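2 protein chains.
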Amino acid sequence: RVSLTPHKCNMLGSDQRPPLTGSAYNNVGFLQRTNSIEDKSRIGGALKSPKNLITCDNSDRDLRFSRNETDFSNLYARDLLPAKNGEEQTTQFLLEVVDILLNYVRKTFDRSTKVLDFHHPHQLLEGIEGFNLELSDQPESLEQILVDCRDTLKYGVRTGHPRFFNQLSSGLDIIGLAGEWLTSTANTNMFTYEIAPVFVLMEQITLKKMREMIGWQNGDGDGIFSPGGAISNMYGIMAARYKYFPDVKVKGMSAAPKLILFTSERWLYKYDSVHYTVVLMPSDLEAKIIEAKQKGYVPLYVNATAGTTVYGVFDPIQEIADICDKYNLWLHVDAAWGGGLLMSRKHRHKLNGIERANSVTWNPHKMMGVLLQCSAILVREKGLLQGCNQMCAGYLFQPDKQYDVSYDTGDKAIQCGRHVDIFKFWLMWKAKGTVGFEIQINKCLDLSMYLYTKIKNREGYKMVFDGEPEHTNVCFWFIPPSLRGMPDCADQMEKLHKVAPKLKARMMECGTTMVGYQPQGDKTNFFRMVVSNPAATMSDIDFLIDEIERLGQDL
Amino acid sequence: RVSLTPHKCNMLGSDQRPPLTGSAYNNVGFLQRTNSIEDKSRIGGALKSPKNLITCDNSDRDLRFSRNETDFSNLYARDLLPAKNGEEQTTQFLLEVVDILLNYVRKTFDRSTKVLDFHHPHQLLEGIEGFNLELSDQPESLEQILVDCRDTLKYGVRTGHPRFFNQLSSGLDIIGLAGEWLTSTANTNMFTYEIAPVFVLMEQITLKKMREMIGWQNGDGDGIFSPGGAISNMYGIMAARYKYFPDVKVKGMSAAPKLILFTSERWLYKYDSVHYTVVLMPSDLEAKIIEAKQKGYVPLYVNATAGTTVYGVFDPIQEIADICDKYNLWLHVDAAWGGGLLMSRKHRHKLNGIERANSVTWNPHKMMGVLLQCSAILVREKGLLQGCNQMCAGYLFQPDKQYDVSYDTGDKAIQCGRHVDIFKFWLMWKAKGTVGFEIQINKCLDLSMYLYTKIKNREGYKMVFDGEPEHTNVCFWFIPPSLRGMPDCADQMEKLHKVAPKLKARMMECGTTMVGYQPQGDKTNFFRMVVSNPAATMSDIDFLIDEIERLGQDL
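Note that the protein sequences, when read in sequence, are chains E and L. The numbers in our numbering rise by one with no breaks, and the one at position 351 of the first sequence is 351. The number in our numbering is simply the position in the second sequence, starting from 1, with 555 added.
Given below as structure tokens:
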């Protein structure tokens, strides 16, 4: 059992659950029954399988599901499709899974549910309440598989909960969820139009729309969805290197001089004197470029960050673009976190100048609430991605196919198999419209302003940087009563450094909320609040502050 | 409208569908109804929301769904959770999506369903039957979103269909599907134990099990799931480079000499004289290593392929390992395609020597039928992945957390956000057991032998390489009647080169089956048959051959 801190945890019911035996399971009241006798004979093959009744008109609306009381204790994976007569068991099993998921979804948005039910690694590894993570040679029954599904969710973290503020990616968008369920059911691969015709076109159309939002003329240019921001940024670097030193592709890095990349945030490559999340100062940048040239290096690439991870600040893209123009450098804008603000007429000015970038990283799985993973690399010059990455694998990209093979995107990617990340995003855009994203994003920024306004002069709080937040990041120290009024001496700093970890541990053990903390440079541990979940409201912000004060009063 | 070839297409019903209007939609017979008056007043807020009835015992079994006849034409994304009183609409909407998906699943396994309903890009872009791919500023109703979901599946390719043989990844495993639906509902990120406690432990346990299958003592070593085989291979290269030249991490490639990588298949980097998918001959490898050294290069890394993409052949790992030992080179085994055979006592000998590898790529999304994406990089020496890739980002990997932070895996990865690829695989392993994977894999290999035996001496077929297939790849030419008995002259080759593309186009237009083709080196276009879908049977192999002969008789 997890040992809770002595702090009383709000809103918690018991985390006990009756053991799930076969009979207990079957005693659960189902709202719906079908004739179980007919059903059993169907399984036995005595009745015609329902598939024989299907017409071939490609309609997906000819069969309607109904749940019954299937006993899963004697059923196994091998009894599901493609097993003979496996249709009914497959339907019932998946409906049972859906029931688990729907309950999870509903509770995630219910504030009386905990954000998490924390356990230490050794506790989970020992097998809490029979939840056995080990793999075996022999199969488990479907009943046990359903229990495993429940347990997996039970001991996880509800990242869609309105009081989960721990990560840049949060929320549980219902349309996005539907999109992801469909994507996994379609289970295909993005490399060719041949096997992903609809998804390939959706990607093309969505990328064009994103380029229009960036401000590239007619939405022209190129792009691809990649497995995340780090890999999108890598694409940007590879495109730049290929543009300036195409021989690297064939001859390797020895074909290029010593290249230098500049960035305001230490994300992929390090440049000695660049400081973590300090905004890139244009004057400093120019001095660094001159210095690098004098040392015999070749400046290649500047990464301007639009929305840094911790502070949420935006580099001054216009000024940086001026310098890139002057020195003929590739300008990449890492808008993984800040890109969403392009959808807001109120906030998009923070990215002014992004239309001058050669490439842009933009992660809809962050500020836009798309389910993880969804990250795009957008490149202004068409053809570079293909030129840089193509290998012309004959077994994938046959030039003699019957359709227009320019739609085969695989040769733009460094990957062969590429997950379908586009559909959930496309479906969300359809369902919300651009205006829906705008409303959602404005709301998140409003909430952050609400928090900032609430705590900036409140007793016990100190802001980490001056001025209003540019993004939804609000960075602050909570100073517990025992440390208030003390001078800013080393001793106090040392004590303050321990406050956030201790408070965070209590939050997690109580399971009531989650918010991230970290040290930064010479600053001791502070909280970084972010809002990207449209489910959060002012009352949740109030709750967070109350909870910090409740859990931190005796620190 | 798509223009079909004059060839009669088997088994096709009409692809017409009545237009879906709001009223037509509501006329569909539902098996189940609830009191719609109560429901409407609930939406209006007159009744207590059902969530108030939820107890806080963390059980996921207290609410049972029931479908009703919701009119989605006046509902929008904004009416779903987290909207006030959005629970019922959310449930109904997701159940409607599930209905679409369940029908899709059932039909995928039904041989009277087409594998695909082919349309050219311009046809889909023009908007067939009102399927509009364009994005707009304004939202669509949920009814339209459901139509979009249906259309997306309708115009896609059923990669789980028993007659889809086009790709190394195929099939639609129901347990894996359930796992992926759960994964997307949990919507979290693998970088820390903090937000993915269960998934992080599942990954650790599964990777250990995979290392045991490889044959590393006690399953020791390291590893991580990555977005695909190309990226797993990249991890292998980075680990090798870090092992031999750790300064590269800080100083860049100029800190290393000119490094040479050897491979039997041109997958990531090219070495001039290495031929595409030709098995790596140990004697040739040794000569190439000596030659490279004489030219002043530094041989670093040998990639042995266990199951090449086109021929499905296995490099002789033992002999290659001997050479790697002799010259102190890193041995990587790319078992993306062949790794699954490790689960089979009958076939695992083909990978003998893999236990001597320094790193291994193994994609369960290929031979093991796990849904895309699921790829692992496994490294024998512990600590290398972390040493090579860690950036110690303070905002993610706080050393002062309350739990054992050695479980935070994020610093092993080049990515920050990392999709949860483990759960579906773990769940499949639970549900099938190791023996279940073994049965499934043996069956696929048996089917390929059946095909090979059937066509090797059959009129009109010629095998591309001699001998039995090592994996499930069977490569062959179909020689239509008009070309039979002609000498192997250039003219015949030119004609034969056009046969596979033409036949493939007819398959796709008829929608009855799909199998890949490609040229290879000096060999004209040939078919590469692969079996990785456990749904396929001997009758499907027979069907494929009949279909090739039916569609190719007049070529």
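No residue lacks a Cβ here, since even glycine has one placed at the ideal position from N, Cα and C. Quick caveat: nothing in here was measured; it's all calculated off a predicted structure.
- Per DSSP, E/R211 is one residue of the alpha helix (DSSP H) stretching across 197-214.
- The beta carbons of L/Y882 and L/I844 sit closer together than 7 Å.
- One thing to note: L/I769 has its Cβ within 7 Å of the Cβ of L/V915.
- Contact between E/Y155 and L/T740 is absent: CB atoms are separated by about 15 Å, not below the 8 Å threshold.
- Taking one beta carbon from each stretch, the stretch 649-667 of chain L and the stretch 179-196 of chain E have 3 or more pairs nearer than 8 Å; the two touch.
- Your pair L/L688 and E/I205 checks out as a contact, with CB atoms roughly 5 Å apart and the cut at 8 Å.
- For E/W337, no beta strand (DSSP E) run applies, since DSSP gives it neither H nor E.
- For L/L886, the three-state secondary structure derived from DSSP is strand.
- The way I'd put it, the stretch 884-896 of chain L does touch the stretch 853-860 of chain L; three or more beta-carbon pairs between them come closer than 8 Å.
- Interface residue (Cβ-Cβ distance to chain E less than 7 Å): L/I932 is not classified as such.
- Beta-bridge partners assigned by DSSP to E/M529: E/V474.
- Judged by DSSP secondary structure, E/S136 falls outside any beta strand (DSSP E); it is assigned neither H nor E.
- About 7 Å separates the CB atoms of L/D966 and L/N944; that is less than 8 Å, so the two are in contact.
- As far as DSSP is concerned, L/M1048 takes part in no beta bridge.
- A Cβ-Cβ contact shorter than 7 Å links L/D672 with L/G1066.
- Not one beta carbon of chain E lies nearer than 7 Å to the beta carbon of L/A847.
- Taking a Cβ-Cβ threshold of 7 Å, the residues of chain L close to E/E134 are I760, in chain order.
- Taking C-alpha positions only, L/N721 is separated from L/L1110 by approximately 22 Å.
- Pairing L/Y1016 with L/V1029, the inter-Cα distance amounts to about 12 Å.
- Nearest C-alpha to E/G433 among L/L697, L/G641, L/L657, L/N623: L/L697.
- Contact of E/V97 with chain L by beta-carbon distance below 8 Å involves A733, W736, L737.
- In terms of Cα proximity to E/A393, the closest of E/T192, E/V420, E/A256, E/S283 is E/T192.
- Between L/L814 and L/L840, the gap from beta carbon to beta carbon reaches 7 Å or more.
- Excluding sequence positions up to five before and after L/A1091, its CB lies within less than 7 Å of the CB of P717, L1002, all in the same chain and listed in chain order.
- Rounded to whole angstroms, the separation of the alpha carbons of L/C929 and L/D976 is 6 Å.
- Taking 7 Å as the cut-off, the beta carbon of L/A986 is found closer than this to the beta carbon of L/I730.
- The alpha-carbon of L/R766 is positioned some 17 Å away from that of L/I872.
- Contact check for E/L372 against L/G972 passes: the beta carbons are separated by less than 7 Å.
- Boundaries of the beta strand (DSSP E) harbouring E/P299: 298-305, taken from the DSSP string.
- Note on geometry: alpha-carbon atoms of L/M808 and L/K979 lie some 38 Å from one another.
- At a cut-off of 7 Å between beta carbons, E/Y450 makes no contact with chain L.
- With fewer than 16 other Cβ atoms inside 10 Å of its own Cβ, E/P399 counts as exposed.
- Burial check for E/P481: the Cβ neighbour count within 10 Å stays below 16, so the residue is exposed.
- Assigned with DSSP and collapsed to three states, L/S930 falls in strand.
- Interface annotation for the stretch 1015-1032 of chain L against chain E: empty, criterion Cβ-Cβ distance under 8 Å.
- Beta-bridge partners of E/K504 (DSSP): none assigned.
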